[in-house]
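Down below is the structure, laid out as structure tokens.
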Amino acid sequence: MKRSGAQGWWPVYSGRGSCPEYRRGFYGPHTGEEIFEICVGAILTQNTAWTSALAALACLNKAGALGPGAIALMRPARLERLIRPSGFYRRKAGRLKIFSRYLIKKHPEGLQKWFLRTSAGDLRSELLTLEGIGPETADSMVLYAGGKPKFVIDAYTARIFGRLGLVTGKYEEIQYAFESALPADHRIYNEYHALIVAHGKDFCRKTRPRCAGCPLNRLCKCTRGTYDN
DNA sequence: TACCAGGTCCTCG
DNA sequence: CGAGGACATGGT
Numbered sequence: 067m068k069r070s071g072a073q074g075w076w077p078v079y080s081g082r083g084s085c086p087e088y089r090r091g092f093y094g095p096h097t098g099e100e101i102f103e104i105c106v107g108a109i110l111t112q113n114t115a116w117t118s119a120l121a122a123l124a125c126l127n128k129a130g131a132l133g134p135g136a137i138a139l140m141r142p143a144r145l146e147r148l149i150r151p152s153g154f155y156r157r158k159a160g161r162l163k164i165f166s167r168y169l170i171k172k173h174p175e176g177l178q179k180w181f182l183r184t185s186a187g188d189l190r191s192e193l194l195t196l197e198g199i200g201p202e203t204a205d206s207m208v209l210y211a212g213g214k215p216k217f218v219i220d221a222y223t224a225r226i227f228g229r230l231g232l233v234t235g236k237y238e239e240i241q242y243a244f245e246s247a248l249p250a251d252h253r254i255y256n257e258y259h260a261l262i263v264a265h266g267k268d269f270c271r272k273t274r275p276r277c278a279g280c281p282l283n284r285l286c287k288c289t290r291g292t293y294d295n
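Under my numbering, the first residue of the first sequence is numbered 67, with each subsequent residue one higher.
Below you can see the structure in the form of structure tokens.
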């Protein structure tokens with residue numbers, strides 16, 4: 067996958083950034099505003115194409131609603147309308163409100179201080195207590211927003227490594243396999259996961275994967291032309 | 001036209 | 001627990 071190069075994942079509107087730039091090669095530390103935006107993006111992109119989540123993020127930004135106070139106070143109908151392009155908008159609006167209210171109530175010192183002084187494992191556990199934040203969303207927040215070493219497992223990861231015949235199991239089992247095999251460095255986890263996503267989109271697609279052009283073809287259990295058409 | 005997208009929660013057997 | 005369904009818009 068060397069051809070893919072550095073990915074430096076997670077674009078940001080707020081804070082020091084002003085455009086949805088990918089800012090390749092920047093791994094934090096992030097400002098409080100950036101952390102909040104990344105957390106919101108993590109919720110908006112649940113089972114949704116990133117471009118759709120980005121459209122919703124742009125609407126929030128344009129409305130000046132990219133902060134916990136604004137989201138916590140906003141009328142549900144208005145919040146739903148703003149994030150509509152991301153899909154599942156009623157659910158996600160509720161989740162954004164829960165997250166924002168929790169921040170204000172439980173961490174008035176601010177996201178940045180909270181994330182900075184909390185370990186990856188403790189942060190994950192606390193985030194998981196919130197309704198609407200599951201393992202992948204929590205880990206995305208920990209890794210991308212907090213810059214802490216938690217390996218994110220998503221549909222691409224499970225599919226690619228399952229087909230390769232290298233890793234199977236439930237979320238935490240797959241995660242453990244990666245975290246045991248790699249240095250506990252958030253920059254490495256960031257790049258590795260970004261490469262997995264790129265590979266999943268380009269080759270290891272859910273249906274009709276492009277096995278013929280896949281660089282991992284020879285290593286893969288399910289190649290043999292099985293998925294080629 | 002169908003199918004899918006970097007999930008999560010709820011219900012049922 | 002594990003499978004199955006609901007949630008919803010936008011892109012190919």
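Where is the CB? At the ideal position from N, CA and C, for every residue including glycine.
Nothing here was measured: the structure is a model prediction, and the numbers come from that model.
Burial state of residue i, where buried means 16 or more other Cβ atoms lie within 10 Å
i	result
PRO142	exposed
GLY94	buried
GLY212	buried
LYS272	exposed
GLY279	exposed
GLU257	buried
ALA246	Reading the sequence as shown, one finds Ser at residue 246 and not Ala. By the neighbour-count rule (16 or more Cβ atoms within 10 Å), SER246 is not buried but exposed.
PRO249	exposed
ILE194	First, the amino acid is wrong: residue 194 is Leu here, not Ile. Exposed is the call here.
GLY266	buried
ALA260	buried
ALA115	exposed
LYS179	exposed
LYS236	exposed
PRO275	buried
ARG305	Shown here, the chain extends from 67 to 295; a query on residue 305 therefore has no answer.
Where residue i sits in the DSSP three-state scheme
i	result
VAL218	coil
VAL106	helix
PHE233	With the sequence shown as reference, residue 233 is identified as Val, and Phe is not the correct amino acid for it. Coil, per DSSP.
LEU177	helix
Residue i versus the options, residue with shortest Cα-Cα distance
i	options	result
VAL263	ASN256, TYR222, THR273	TYR222
ALA204	PRO275, ALA278, GLY107	GLY107
CYS296	PHE227, TYR258, TYR242, ALA250	Coverage of the chain is limited to positions 67 through 295, which leaves residue 296 absent and any answer about it impossible.
GLU103	LEU182, GLY91, TRP76, ASP268	TRP76
GLU238	ASN283, VAL218, ARG156, VAL208	VAL218
ARG253	ASP268, PRO281, PRO275, LYS216	LYS216
ALA129	LEU177, TYR79, CYS105, THR97	TYR79
ARG157	MET207, THR97, ASN113	ASN113
ASP220	LEU285, ILE240, PRO281	ILE240
SER206	ALA121, HIS265, TYR255, ASP268	TYR255
LYS287	GLU192, ARG225, HIS265	ARG225
GLU175	GLY235, GLY98, LEU285	GLY98
HIS96	LEU177, PHE154, TRP116, LEU120	LEU177
ILE101	LEU145, ALA119, ALA243, PHE181	PHE181
CYS105	ASP251, TYR242, TYR210	TYR210
*Pairing CB atoms from the segment 164–180 with CB atoms from the segment 193–206, are three or more of them under 8 Å?*
yes
*Check whether the segment 127–143 touches the segment 168–176, taking contact to mean three or more Cβ pairs, one atom from each stretch, closer than 8 Å.*
yes
*Please determine if the segment 148–163 and the segment 123–131 are in contact, where contact requires at least 3 C-beta pairs separated by less than 8 Å.*
yes
_Count Cβ pairs between the segment 224–235 and the segment 184–194 that sit closer than 8 Å; are there 3 or more?_
no
*Let me know the alpha helix (DSSP H) ranges lying completely inside the segment 141–169, each 4 residues or longer, listed in chain order.*
As far as the segment 141–169 is concerned, its whole alpha helix (DSSP H) runs of at least 4 residues are 142–148.
_Runs of alpha helix (DSSP H) lying entirely within the segment 248–294, each at least 4 residues, in chain order_ = 252–268
_In chain order, what are the residue ranges of uninterrupted alpha helix (DSSP H) at least 4 long that sit wholly in the segment 178–203?_
Qualifying alpha helix (DSSP H) stretches, in chain order: 186–194.
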